[in-house]
Amino acid sequence: MLLTPKVITAFLDPGPAGKRRAEHAAVLARRWRAHLIGVYPAFAGIRWPSSMNYVRGDKGIEEVVAYSHRFETQPDATAHGVSQHFRTLCAEMNVSCEFHTIGRERSAAEALKVAFLSDLAVVGRPEPNGLPDNVSVTRLLIESGSPVLIVPNDWNGEAIGSRVLVGWNASHAARRATGDAMSFIVAAKQVTVLFIDQNAHHPPGNTLRAELASYLDRHGIHGNFEHIARNGDSIGAALLGYAKRDESDLLVVGAYGHAPAREIIFGGTTRMLLEQTSVPTFLSR
413 MLLTPKVITA
423 FLDPGPAGKR
433 RAEHAAVLAR
443 RWRAHLIGVY
453 PAFAGIRWPS
463 SMNYVRGDKG
473 IEEVVAYSHR
483 FETQPDATAH
493 GVSQHFRTLC
503 AEMNVSCEFH
513 TIGRERSAAE
523 ALKVAFLSDL
533 AVVGRPEPNG
543 LPDNVSVTRL
553 LIESGSPVLI
563 VPNDWNGEAI
573 GSRVLVGWNA
583 SHAARRATGD
593 AMSFIVAAKQ
603 VTVLFIDQNA
613 HHPPGNTLRA
623 ELASYLDRHG
633 IHGNFEHIAR
643 NGDSIGAALL
653 GYAKRDESDL
663 LVVGAYGHAP
673 AREIIFGGTT
683 RMLLEQTSVP
693 TFLSR
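Each residue of the sequence shown is one higher than the one before, counting from 413 in the working numbering.
Structure follows, in structure tokens:
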């Protein structure tokens, strides 16, 4: 993403974390003068109770009819509230926007279609993450092709991207993620490039650092370069541990995986970050 993002999609939910997610996305849209699309899957987390399939008698049928009415109308009322908050937020921040409510039918296809034509998709972690029930963050990353920014639901930082930590191992995935996140990196107050257990197949540390430093310097980025040992931790745990100690507010990593047959199987580091990251994390593949 060497060009500044111009279309951002934020997947929303009605809770406090969903509202904070919308605010972070709006801040980014204002910074980059981007168009912001708010998407709300109205039926996420709403399931028909199996007990309703076994009612008997007139009273039971009346209860099913009443519940069915609430089942169909409550999501519409909630969607109105999410839309109103989102549109008011964008108006106050002078951000170009549009809002989409996704219904029960074709929810996955609709969510993936919007993300497919976006430069960045913003989601939460864990659930509610703003996605339909049948779309995981993994699936969004694989099928949309869009970089994904995960904003943990319990993260209470003020801004994303002031202190950026780049996980680097000289792989194609790391190179792609660094390029895709360049709009964050060039604007950061501090950029740290972290090497963990450097692979023997890569050039010697000093040479690799010099080459990467030269690349970043051409973008006006003067980063810090650090190397740490895993000390028994997984690479994902080492990344998150360093991010916490460094007070990073954005972790940039490549999504690593291989594709047997028709599906992508992500490596352990990517899976761990998708499931457990505690800081805003930018992933691309």
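Glycine included, C-beta positions come from ideal geometry on N, C-alpha and C.
Start-to-end residues for the beta strand (DSSP E) that takes in residue i
i	result
Gly680	No beta strand (DSSP E) holds Gly680; the alpha helix (DSSP H) holding it covers Gly680 to Gln688.
Val664	Leu662 to Gly666
Ala533	Leu532 to Arg537
Ile510	Inspection of the sequence shows that residue 510 is occupied by Glu rather than by Ile. Residues Cys509 to Ile514.
Thr693	Thr693 to Ser696
Glu638	Asn636 to Ile640
Sequence-distant residues of its chain with Cβ nearer than 6 angstroms to residue i (five each side left out)
i	result
Val605	Val578, Trp580, Gly635 and Phe637
Gly743	The requested residue 743 does not occur in the structure, where the chain is confined to residues 413 to 697.
Ser371	As shown, the chain starts at 413 and ends at 697. That puts residue 371 outside it, with no answer to give.
His639	Phe607
Thr513	Tyr452, Ala454 and Ala491
Asn565	Ala429 and Gly536
His631	Val598
Gln688	none
Nonlocal neighbours in the same chain, by C-beta distance under 7 angstroms from residue i, ignoring five residues either side
i	result
Arg587	none
Gly493	Pro426
Ala612	Unreliable placement is indicated for Ala612, whose pLDDT of 45 sits below 50; the coordinate value is still reported in the next sentence. Contacts found: none.
Arg432	none
Ala520	Pro544, Asn546 and Val547
Cys502	Ala438, Leu448 and Cys509
Phe728	Since the first and last residues shown for the chain are 413 and 697, residue 728 lies out of range.
Thr416	Trp444 and Ser595
Leu424	Gly430, Arg433, Ala434, Gly450, Val451, Tyr452, Val494, Phe498 and Gly542
Val560	Ala533, Val535, Val549, Leu552, Leu553 and Leu695
Ala667	Leu553, Ala585, Phe678, Thr682, Leu695, Ser696 and Arg697
Glu659	Arg575
Glu555	Leu524
First and last residue of the uninterrupted alpha helix (DSSP H) at residue i
i	result
Leu606	No alpha helix (DSSP H) contains Leu606, which is instead part of the beta strand (DSSP E) from Gln602 to Ile608.
Ala599	Met594 to Ala599
Ala454	Premise fails: Ala454 is in no alpha helix (DSSP H) and is neither H nor E.
Gly653	Ile647 to Asp658
is_contact[residue i, chain B] using C-beta, thresh 7 angstroms
i	result
Ala533	The chain inventory of the structure shown lacks chain B, comprising one protein chain alone.
Residues bridged to residue i (per DSSP)
i	result
Ile420	Leu448 and Leu532
Leu426	Just to set this straight, residue 426 is Pro in the shown sequence, not Leu. Per DSSP, none; premise fails for Pro426.
Proximal residues to residue i (C-beta, below 8 angstroms), its chain only, five neighbours per side dropped
i	result
Gln602	Ser574, Arg575, Val576 and Asn636
Can you find at least 3 beta carbon pairs, one from the stretch 493 to 507 and one from the stretch 436 to 443, that sit closer than 8 angstroms? Contact between the stretch 493 to 507 and the stretch 436 to 443 is present, because at least three Cβ pairs lie under 8 angstroms.
Which complete beta strand (DSSP E) runs does the stretch 540 to 591 hold, if anything under 3 residues is left out? You should have 560 to 564 and 575 to 580.
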